[in-house]
Structure formats: C-alpha cells, structure tokens
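Student:
Protein chains: 2
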Amino acid sequence: MPDHHPLLRKLAALSPLSVEERHVLARVVAHPVAIPARTDLVRDGDQPRGAFIVVEGIACRYKILLDGARQVLAFLVPGDFVGLDADVVDTMDHAVGTLTPCCVVDIPPLTMRNLLDNHPGIARALRIAALAEAATARQWLVNLGRRPCEQRLAHVLCEMLVRLRSVGLASAAEYRFPLTQIDLADATGMTSVHVNRSLQALRARGLIEGQGRSIVIRDVAALEAVADFDPGYLRQAARLQPESLARRPGLPAGGAFRETGLPAAT
Amino acid sequence: MPDHHPLLRKLAALSPLSVEERHVLARVVAHPVAIPARTDLVRDGDQPRGAFIVVEGIACRYKILLDGARQVLAFLVPGDFVGLDADVVDTMDHAVGTLTPCCVVDIPPLTMRNLLDNHPGIARALRIAALAEAATARQWLVNLGRRPCEQRLAHVLCEMLVRLRSVGLASAAEYRFPLTQIDLADATGMTSVHVNRSLQALRARGLIEGQGRSIVIRDVAALEAVADFDPGYLRQAARLQPESLARRPGLPAGGAFRETGLPAAT
DNA sequence: CGATCCGTTGACATCGGTCAACGGACGTGG
DNA sequence: CCACGTCCGTTGACCGATGTCAACGGATCG
C-alpha cells in the first residue's frame with residue numbers, strides 16, 4: 001500500500017490510521033477531477049454541498065471586497081481538505097477557487113458521514129487538520145497585522161516549503177510554486193508591484209532564488225530567521241515558545257500580563 | 267428560567283437547546299471567578315487544561331512577536347467559549363488574556379466531555395460558535411490585508427456592536443467598550459497614535475461619539491457602509507453576497523473565475 | 001499575428017509610522 | 001491630604017514604507 005498520496009501522507013502524520021482506514025481513504029481519493037486554473041470550486045454565498053480534497057495544484061480560499069480587491073485567506077495544497085463542517089454551514093462566507101490547474105476529489109455528504117462516523121482515526125485526523133488550518137490563519141493575522149512586507153513574503157514562502165514538503169512535493173529547500181505575483185500580493189495584503197520588489201530584495205540578500213514559477217530557498221535557516229518563522233503551528237507537536245509578554249517590550253516591567261491558575265470553580 | 271446569561275443567549279441563538287440543556291449550562295456557569303485586567307488565562311506554549319467561558323469583561327487571543335509587538339487575534343466577549351478542542355491540542359500556539367477585569371468560568375475536562383457527549387444540542391451550538399469564530403478570523407484577515415485604517419476601525423466597532431448586542435450588552439447603537447487605544451491598535455495592526463487620529467476622523471464624520479470607554483454609534487447604517495460591514499458572518503443565517511469575482515474589477519472580464527459543478531467522481 | 005497577461009522598472013504620492021512632548025486621570029505611599 | 005509615578009490620550013513634526021500610475025517587453029495562446 002504505497003503511502004505517497006498527499007492526503008494519506010498528511011492525515012497519517014496527524015493521527016494514526018488503521019490499515020482499513022487507509023484503504024477507505026485510498027478508495028475515496030481514487031477518482032480525481034481536473035479543474036482548470038482560476039476556477040471557483042465554491043462561491044461566496046453558496047450553500048456547500050459536500051466536501052472535497054485538493055489532490056494536485058494550488059487553490060485558495062478568498063474573499064472579494066466591494067471595491068473589487070481580493071484577499072486570499074489561505075492556500076490549499078495537495079492533501080488539503082475543504083468542507084469538514086459542511087453539515088452545519090448553511091452559507092459560505094468566502095469562496096474557494098483554483099489558482100493553478102488542479103485535481104480535486106469530490107466527497108458527497110453521505111461518504112463524508114461515513115468517514116466521520118465509522119472511522120474514528122480519520123475523523124480525528126481531519127479535526128486536527130482543521131485545527132492546523134485555524135492556526136495557520138492566526139499566523140496570517142500576525143503576518144498581515146504586524147510584519148513588514150519583506151518578512152511577510154518570507155513567512156509565506158517558509159510556510160509553503162514546510163507544507164509542501166510534508167506531502168512530498170518539496171525537497172529540503174526547493175519547490176514548484178507556480179503562483180502569480182498578484183496571487184502572492186492578495187495573500188500578503190500587498191501590491192503586485194511591491195511583491196516584485198520585495199522578492200528581488202530577498203534574492204539580493206541571497207535568501208531565495210528562482211523566478212516565481214519555482215522557488216529555491218538558498219538558506220532555509222536564514223529565511224526562517226528573517227520571517228520569524230516557527231513551523232510548530234503546522235504540526236501538532238510540542239515546542240518551545242518565547243515568553244508570553246503582555247505588552248510590547250520596552251515598556252516598564254509592570255505591563256506584563258500576570259498568570260492565572262484559573263482556580264476551578266466547580 | 268431567565269435567559270439573560272450571555273452564554274445561554276448566545277448558544278440558544280445558534281442551535282435550539284432543550285430545557286434540560288439549559289439547566290445543565292446554567293449549572294456549569296454558576297460559579298464564575300473574577301480575574302483582574304491584563305492577566306493571562308492561557309499562555310502561548312501551554313498545554314491547555316480544560317476550557318473556559320468569559321462571563322463578564324473583555325479578553326482576547328493574542329500573540330507576541332520576537333520584537334515584542336503584539337497582535338490581537340480575536341476579542342472575547344461575554345458568552346464566548348475558549349478551548350472546545352482542548353482534548354486534541356497539545357500546545358497552544360497563542361495566548362489568551364484579559365483586557366479588562368473579567369469574570370470567567372472554568373470548565374474541567376470531565377465536565378467538557380459530559381457536555382459534548384451527552385448534550386447534542388450544546389455540542390452543536392458550541393461547534394457553530396467555533397465556526398463563527400473562524401469566520402470572524404477571516405473577516406479580520408480581510409480587514410488587515412485590504413482595508414485602510416479608518417475602515418478597519420469602523421469594521422471592528424460594527425462587529426463589537428453586533429456581538430455585544432447579541433448577548434444583551436449593547437443597545438441599538440451604543441455599548442461600553444473599555445479598551446485602550448493600544449488594544450485597538452494591536453487588533454487592527456495599527457499604531458495607537460494612528461488609532462487616536464482615525465477615531466477622531468470617524469467622530470468628525472459624525473459616525474461615532476464617545477471617548478473610547480464607551481462607544482455611541484451615531485449612524486449605524488453609515489458606519490456599516492464605511493466599513494463594508496456585513497453581519498452575516500456572525501450569525502449562521504442565509505444572506506446575499508455580492509458576486510464572487512475572481513480578479514479585481516477594472517480588469518477585463520476574462521479574469522473572472524469560472525464556476526464548477528465539481529461533477530461527483532464517486 | 002495580435003491579444004492578453006505577467007513581470008519589471010521608474011517617478012511620484014501618501015498613508016501610516018516614529019519620535020517626542022505634554023496634560024489629565026488614577027492609584028499609591030508618605 | 002498631598003506628592004509622585006504611571007499610564008493613557010492627544011498633538012505636532014517628520015520620515016519612510018508602500019501604494020499608484022504608467023510604460024514596456026517577453027511569454028503564451030488562440
């Protein structure tokens with residue numbers, strides 16, 4: 001049973017799967033559909049019908065503002081799952097669309113029910129995957145809110161390296177990343193012009209190579225340092241975090257949040 | 267059975283609760299603990315132990331960067347629940363702390379299990395609440411990535427109006443909001459100086475009143491228009507969304523994402 | 001062979017950040 | 001009760017990062 005399907009790789013890394021569960025997943029994933037680039041998979045305002053898995057290519061969650069600006073909310077790479085909660089969501093608050101040509105597997109609601117109800121290992125793995133996606137969204141909030149542009153880009157590139165590597169689509173420091181600079185801009189809250197210049201700056205610093213279509217990271221450690229990147233949020237593994245100070249530093253010590261044991265009140 | 271407890275109000279609005287479930291919740295929530303302002307409830311890197319509910323005051327999820335900058339990821343208001351997934355999260359990737367003095371109810375893991383396993387209505391409501399929180403995070407991504415500062419503030423103020431109103435803590439257009447301009451800045455990716463000026467600009471436009479400690483929205487509709495605010499993401503109700511265009515407008519029509527039926531492949 | 005779309009570059013504008021100062025509110029300790 | 005320290009809101013002057021506008025060339029595709 002070859003384990004190189006991205007979904008299997010990803011889920012198995014999150015929670016142990018029984019042999020049977022692997023077979024079930026392999027069957028679910030057997031018949032992908034090809035979707036051209038720049039095609040909506042789910043539209044904003046839709047009522048979702050079932051779920052799907054990205055098997056090849058890169059897609060994204062996104063929103064369009066009134067003035068037409070687009071914000072990319074998350075990248076979806078092979079192995080990523082959309083629609084875990086389709087059963088309780090009555091209206092999508094964002095869209096999902098392909099950025100490159102993709103292969104996608106559709107999962108009808110009944111299949112979904114079966115996966116969740118009869119295969120606890122799969123259910124658990126999918127839940128953890130959803131938590132990792134939420135953690136990624138938090139990282140992006142930090143990225144957009146508090147990091148200068150060059151660092152934002154570096155962070156996204158680091159994240160994609162780790163995520164693609166975890167499904168076997170990147171080597172130690174290199175991967176194909178056939179996105180437009182416009183796509184990158186919409187993910188990082190920048191302008192495509194400025195993405196271009198910031199990318200050049202990263203190249204000039206010797207941190208990356210490649211002309212956008214594929215990325216080579218010259219010095220992974222250095223890029224992660226620049227980006228303040230900690231891959232911990234992508235796995236669900238223990239790791240060490242810096243002290244959680246309450247206020248920005250530089251302020252007198254009194255500003256730090258105190259700790260609370262939250263004495264149980266029941 | 268008075269329904270004015272924020273948690274009950276909130277959950278009952280999301281999913282119908284049986285009388286018994288209301289009683290169970292009322293009991294869970296019976297003994298809140300007072301926590302001073304600026305105190306961590308959960309630290310970044312912690313292993314979460316159980317969950318808790320904010321019953322009074324305002325708290326937040328946040329992260330501290332290497333350079334000490336803080337990004338607020340979400341506000342937590344009375345009725346908000348933290349730690350639904352404590353059973354599968356081994357390490358917190360962010361902290362949770364109070365911004366004002368709060369009352370909080372601690373929920374030990376066993377109580378949690380009981381709620382989720384034996385009270386489907388509660389389980390469902392909590393799940394929907396978690397989805398609403400995720401939707402809010404997406405709104406914030408849009409806010410940080412694509413909106414100018416004044417609009418960001420307006421959006422946050424609109425959001426808080428709706429959220430506080432839904433738990434009975436705001437009138438039609440007015441609520442107490444005892445946050446620091448620094449807190450607001452850390453939530454909107456701005457500087458406190460600029461928050462100050464932007465707030466003044468909103469006041470000058472006649473959109474809001476009040477000196478920060480409490481907010482009066484002069485013209486709710488106008489503020490929502492400025493903010494491009496659609497409250498749909500906070501409830502889980504049907505609503506209409508603008509067309510989901512793929513590319514920014516102004517570009518030739520060809521750029522729009524096509525739609526896909528995703529022909530089921532099983 | 002023409003349309004597009006994308007990456008690239010330059011000149012320029014501006015939003016929002018930085019730095020610094022000050023006053024008021026509040027709390028604390030003498 | 002007063003004096004002091006701290007934190008917060010406010011303002012001004014200044015600056016820099018990033019957006020805007022515009023142009024151009026190469027690649028791709030029909």
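Protein chains in written order, with my numbering: chain A, 1 to 266; chain B, 267 to 532.
Built from N, CA and C at the ideal position, the CB exists for glycine as well.
This structure is a prediction, so every number in the text was calculated from the model and none was measured.
1) Tell me which residues share the same chain as Gly476 of chain B and place their Cβ nearer than 7 Å to its Cβ, disregarding the 5 neighbours each side in the sequence.
2) Can you list, in chain order, the residues of its chain with a C-beta nearer than 8 Å to that of Ala352 of chain B? Leave out the 5 residues immediately preceding and following it.
3) Does Ala352 of chain B have its Cβ less than 7 Å from a Cβ in chain A?
4) So which residues of chain A does Gln337 of chain B contact, with C-beta pairs closer than 8 Å?
5) Could you tell me whether the Cβ of Leu511 of chain B comes closer than 7 Å to any Cβ of chain A?
6) Decide if the stretch 67-79 of chain A is in contact with the stretch 116-125 of chain A; the criterion is three or more beta carbon pairs, one per stretch, under 8 Å apart.
7) Check whether the Cβ atoms of His460 of chain B and Cys424 of chain B lie closer than 7 Å to each other.
8) Enumerate in chain order the residues of its own chain whose CB-to-CB distance from Leu115 of chain A is below 6 Å, with the five nearest sequence positions on each side excluded.
9) Could you please give the first and the last residue of the uninterrupted beta strand (DSSP E) stretch that includes Leu552 of chain B?
10) Out of B:Arg463, B:Leu500, B:Gly323, which one is the CA nearest neighbour of Ala396 of chain B?
11) So Arg138 of chain A contacts chain B; which residues on that side make the cut at Cβ distance below 8 Å?
12) Which residues, in order along the stretch 119-136 of chain A, keep a beta-carbon less than 8 Å from a beta-carbon of chain B?
13) Do you know how far the Cα of Gly97 of chain A is from the Cα of Cys103 of chain A?
14) With a threshold of 8 Å, are at least 3 pairs of Cβ atoms found where one atom belongs to the stretch 424-438 of chain B and the other to the stretch 466-473 of chain B?
15) How big is the Cα-Cα spacing for Gln447 of chain B and His421 of chain B?
16) Run through chain B and tell me which residues come within less than 8 Å of Val55 of chain A, C-beta to C-beta.
17) With 16 as the cutoff for other CB atoms within 10 Å, does His270 of chain B come out buried or exposed?
18) Rank A:Leu65, A:Gly45, A:Asp46, A:Gly79 by C-alpha distance to the C-alpha of Ala59 of chain A and give the top, closest one.
19) Residues bridged to Glu399 of chain B by DSSP?
20) Please report the distance separating the alpha-carbon of Ala491 of chain B from that of Asp485 of chain B.
21) Taking any Cβ of chain A, which residues in the stretch 442-475 of chain B have a Cβ under 7 Å from it, in chain order?
22) Given that Gly83 of chain A touches chain B, what residues does it touch there, using C-beta distances under 7 Å?
23) Can you list the residues of chain A that Gly498 of chain B reaches, using a CB-CB cut of under 8 Å?
24) Going residue by residue through the stretch 283-368 of chain B, where are the continuous beta strand (DSSP E) segments of at least 3 residues, counting only ones entirely within it?
25) Taking 6 Å as the limit between beta carbons, can you name the residues of its chain near Asn196 of chain A, skipping five residues before and five after?
26) Please return the same chain residues whose Cβ sits closer than 8 Å to the Cβ of Pro175 of chain A, not counting the five positions on each side in sequence.
27) Look at the alpha carbon of Thr39 of chain A and the alpha carbon of Arg327 of chain B, and state the distance between them as a whole number of angstroms.
28) Could you compute how far the alpha carbon of Ser171 of chain A sits from the alpha carbon of Arg127 of chain A?
29) Which class does Asp239 of chain B belong to by DSSP, given the choice of helix, strand or coil?
30) Assuming the contact rule is C-beta atoms closer than 8 Å, Gly189 of chain A and Leu410 of chain B should be a hit. Round their C-beta distance to whole Å, please.
31) Can you tell me whether Gly45 of chain A sits near the ligand ATP, meaning its C-beta is under 6 Å from at least one heavy atom of the ligand?
32) According to the Cβ coordinates, are Arg309 of chain B and Ala391 of chain B closer than 7 Å?
33) Hey, would you say Leu342 of chain B sits closer than 7 Å to Val320 of chain B, going by beta carbons?
34) In terms of residue numbering, what span does the alpha helix (DSSP H) encompassing Ser171 of chain A cover?
35) Assuming Arg412 of chain B contacts Leu65 of chain A (C-beta within less than 8 Å), just tell me the rounded distance between them.
36) Would you identify the three-state DSSP class for Arg218 of chain A, choosing helix, strand or coil?
Tutor: Let me spell this out:
1) Val482
2) Pro314, Arg315, Gly316, Ala317, Pro375, Met378
3) no
4) Leu141, Val142, Gly145, Arg146
5) Since pLDDT at Leu511 of chain B reaches only 36, below the 50 mark, its modelled position is unreliable, and the value read off the structure follows with that caveat. Yes, its Cβ sits closer than 7 Å to a Cβ of chain A.
6) no
7) no
8) Ile122
9) No information on residue 552 of chain B is available, as it lies outside the stretch 267 to 532 that chain B covers here.
10) B:Leu500
11) Arg327, Lys329, Leu339, Asp359, His360, Ala403
12) Arg124, Arg127, Ile128, Leu131, Ala134, Ala135
13) 12 Å
14) no
15) 15 Å
16) Going along chain B, no residue has its Cβ under 8 Å from Val55 of chain A, so there is no contact; the nearest lies around 10 Å.
17) exposed
18) A:Gly79
19) BP columns for Glu399 of chain B are empty, so no partner.
20) 10 Å
21) Gly455
22) The contacting residues do not exist; Gly83 of chain A stays about 11 Å from chain B at best.
23) Thr91, Asp93
24) 299-301, 306-308, 317-322, 325-330, 336-342, 361-364
25) Gln181
26) It should be noted that the sequence gives Tyr, not Pro, for residue 175 of chain A. So the list reads Met160, Leu161, Leu164, Arg165, Leu169, Ser214, Ile215, once near-sequence residues are dropped.
27) 35 Å
28) 27 Å
29) No answer is possible for residue 239 of chain B: it lies beyond the span of chain B, which begins at 267 and ends at 532.
30) 6 Å
31) Only the bare structure without any ligand can be found here, which leaves the ligand ATP out of the picture.
32) no
33) yes
34) Taken as a continuous stretch (DSSP letters only), Ser171 of chain A belongs to no alpha helix (DSSP H), as it is neither H nor E.
35) 6 Å
36) coil
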